[in-house]
Amino acid sequence: MKINDHLLWGSERGKVMVTGVIFDLDGTLLDRNLSLLHFIDAQYDSLFKTYMESKDVFIKRFIELDHRGYVWKDKVYQHLIAEYRLPYTWEELLDDYLNGFPKHALSFPNTIPLLDASRRKVISWV
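Count the sequence shown with the numbering used here and you get residues 94 to 219, in order.
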């Protein structure tokens, strides 16, 4: 076992046991794609409906610019503002994203039962 392995693994009477679990939220516990769709849909309705004809076009373009989360939202919003001549600053839209996205966050099916079962098995959370 390497030194780093001791952070997550322990041994008892020659057995290896899990003593901790580390989760990455996006794509592991959080259904980022569906969460983002729900957020973009709501953001369009509250901010962009007056300025753009098609919700589908907006959603498709946002997702393209977002590049599966690899492009930070300040850049996404700067592009959208320039392309569609939106009357907002990227800072306003980013603030709306940072405050609004968590309200639309959805976990994958069975995430809560998985976490509950893990907690019952006394796995410590890192």
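Glycine residues also receive a C-beta, built at the ideal position from the N, C-alpha and C atoms.
Is the beta carbon of residue j closer than 8 Å to that of residue i?
{"i": "D189", "j": "Q136", "result": "yes"}
{"i": "L179", "j": "F141", "result": "yes"}
{"i": "A198", "j": "L123", "result": "yes"}
{"i": "V169", "j": "F151", "result": "no"}
{"i": "V183", "j": "I174", "result": "According to the sequence provided, residue 183 is Trp. The question's Val does not apply to it. Contact: yes."}
{"i": "Y181", "j": "M145", "result": "no"}
Quick one: is residue i buried, meaning 16 or more other Cβ sit within 10 Å of its Cβ, or exposed?
{"i": "R125", "result": "buried"}
{"i": "I205", "result": "exposed"}
{"i": "D167", "result": "exposed"}
Kindly give me the distance between the Cβ atoms of residue i and residue j, rounded to whole angstroms, as I take these residues to be in contact under 8 Å.
{"i": "L158", "j": "H172", "result": "5 Å"}
{"i": "F194", "j": "F132", "result": "5 Å"}
Of the residues the options, which one's Cα is nearest the Cα of residue i?
{"i": "G93", "options": "L127, R212 and S147", "result": "Lying outside 94 to 219, the shown extent of the chain, residue 93 is not represented and no answer is given."}
{"i": "K153", "options": "L208, T121 and D134", "result": "D134"}
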